[in-house]
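Down below is the structure, laid out as structure tokens.
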Amino acid sequence: SSFRLWKDVKSDFNNQNIVNRAFGGATLLDLIYFQNDVVLKYKPKKIFIYCGENDIASSEKVTPKMVFKRYKTFYKTLRKQFPDTPIIFVSLKPAISR
1287 SSFRLWKDVK SDFNNQNIVN RAFGGATLLD LIYFQNDVVL KYKPKKIFIY CGENDIASSE
1347 KVTPKMVFKR YKTFYKTLRK QFPDTPIIFV SLKPAISR
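Throughout the sequence shown, residue numbering follows the working numbering, covering 1287 to 1384 in sequence.
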């Protein structure tokens, strides 16, 4: 939801071409499952990924190693579809409430 609720991202970056496909509660498994609807069909020029915190905070026993494996799975799909597109992974932040 950090990116989903970022309502002025276009003006913050002075770029009206930004397509914010963030959705609340997203996990990397969700991104992998919905990759066609969320990323692939847009043929992006740059991809920013901010995901993984909900994986760790889920009721499952998800380890950082599992999150990294999920990220690599998603990354490989993106790289296969968009070999020259910059992919930026935004680091997870500590969430004291979790």
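Backbone N, C-alpha and C fix where the C-beta goes; we use that ideal spot for every residue, glycine too.
- Annotation: the segment 1298-1341 contains the following complete segments of the alpha helix (DSSP H) (minimum length 4 residues), in chain order: 1314-1319, 1321-1324.
- Under DSSP, the beta-bridge partners assigned to Ile1373 are Ile1333.
- Judged by DSSP secondary structure, Lys1351 falls within the alpha helix (DSSP H) whose first and last residues are 1350-1367.
- Taken atom to atom, the span from the alpha-carbon of Val1295 to that of Asn1301 is near 8 Å.
- Considering only Asp1370, Leu1314, Trp1292, Phe1309, the residue with the shortest C-alpha distance to Pro1350 is Leu1314.
- One alpha carbon belongs to Asp1341, the other to Ile1374, and they sit about 19 Å apart.
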